[in-house]
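For the sequence shown, our numbering gives the first residue as 8, with consecutive numbering after it.
Let me begin by presenting the structure, written as structure tokens, before commenting on it.
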Amino acid sequence: MMALTVANLRVDFAGKGGTFSAVRGVDFAVAEGETFGLVGPSGCGKSTVLRVLAGLNRTWSGQITALGQTLVPGQAMTGTLRSAVQMVFQDPYASLHPRHRVARILGEPLVVRRETAIPDKVADILVQVGLSPALALRYPHQLSGGQRQRIAIARALLLKPRLLLLDEPTSALDTSVQAGILNLLVDLKQRFGMTLVLVSHDPGVIGHMCERAAQMAAGRIEDILDRSALAALA
Ligand SMILES: Nc1ncnc2c1ncn2[C@@H]1O[C@H](COP(=O)(O)OP(=O)(O)O)[C@@H](O)[C@H]1O
Ligand SMILES: [Mg+2]
């Protein structure tokens, strides 16, 4: 089954000089369990595509299905899709509440969902992302960049996503820390049975991680790269 199908996706932004077409008719499909990449230079529309898929940008046209459900432009995601599709951003510092401890950052979405045994679930997910449960007492500024990104990944995982969207998840990190996060994602994908869509401007990251990838330029997909094409990038 396809986890994701995207057909003729277009996104326009209104600006001073008129309309700017950031995404100009994009088509791709991602199989369940696949790691699919979007690669291309800064400004080519990768994040815009991902934000549409995450339901964060609702002004678009085209046809999209995610996990068997149809997305509708202008409408918020409903029901199971809201937790089944999760996104991790480039800058974990910006996406974590600065004055909340990790325990609260991770626990709050579970409180909202009226779950029980939340401290146990928080401790368990910290271990799953390779961190000590003791970090639950820390604030984001007391963590390293790599630890913060692991917290952001943990927060997404707690909602048990089936489709995980990753926007430059290692671009803000030191090279020495990047590999650890990428290997963790490979590991978690297997353990949690997820489909990944990974955005990066770095061909090395895409080549290392993905089974297939779309090469984007100026709002379009120029090429779909298979495993052997990706091996040449890595
Ligand atoms: N909210 C917005 N309003 C206006 N223009 C935007 C907005 N978001 C992105 N853009 C423009 O759309 C293009 C694609 O941006 P983006 O998807 O962020 O590219 P990438 O992630 O590949 O670097 C860029 O030219 C960017 O300036
Ligand atoms: Mg981007």
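Idealized CB from N, CA, C, for every residue including glycine.
| query | result |
| --- | --- |
| DSSP-derived helix/strand/coil call for Leu63 | coil |
| For Val13 and Phe35, believed in contact at Cβ under 8 Å, the rounded distance | 5 Å |
| Separation of Gln82 from Ser154, as counted between CA atoms | The question names Ser, but residue 154 in the sequence shown is Gln. The alpha-carbon atoms of Gln154 and Gln82 are separated by roughly 34 Å. |
| 6 Å CB neighbourhood of Val18 in its chain, flanking five on each side removed | Ala29, Val30, Thr55, Trp67 |
| Heavy atoms of ligand 1 versus C-beta positions, residues under 5 Å | Phe20, Ala29, Ser49, Gly50, Cys51, Gly52, Lys53, Ser54, Thr55 |
| Opening and closing residue of the beta strand (DSSP E) in which Arg17 lies | 9-22 |
| Sequence-distant residues of its chain with Cβ nearer than 6 Å to Val59 (five each side left out) | Trp67 |
| The beta strand (DSSP E) enclosing Ser28, as first and last residue numbers | 25-38 |
| His208 to Arg145 span [Cα, whole Å] | 32 Å |
| Bridge-paired residues (DSSP) for Ile228 | Met223 |
| Nearest neighbour of Leu63, chosen from Leu78, Ser49, Cys51 [CA to CA] | Leu78 |
| Simplified DSSP assignment, three categories, for Gln93 | strand |
| Beta strand (DSSP E) runs contained entirely in the stretch 136-191, provided each spans 3 or more residues | 170-174 |
| Residue from Lys23, Glu41, Val46, Gly24 with nearest C-alpha to Gln222 | Val46 |
| Nearest residue (CA-CA) to Pro99, options Leu57, His215, Ile160 | Ile160 |
| Three-pair Cβ contact test at 8 Å for the stretch 190-197 versus the stretch 111-122 | no |
| Heavy atom of ligand 2 within 7 Å of Asp174 beta-carbon | yes |
| Residue burial classification, Gln197 (beta-carbon count within 10 angstroms, cutoff 16) | exposed |
| Beta carbon of Leu240 nearer than 8 Å to that of Arg219 | no |
| CB contact flag (Leu88, Leu172, <8 Å) | no |
| Burial state of Glu122, where buried means 16 or more other Cβ atoms lie within 10 Å | exposed |
| The stretch 200-215 / the stretch 177-184 touching (three or more Cβ pairs under 8 Å) | yes |
| Anticipated Cβ contact below 8 Å, Val204 with Val37, distance rounded | 6 Å |
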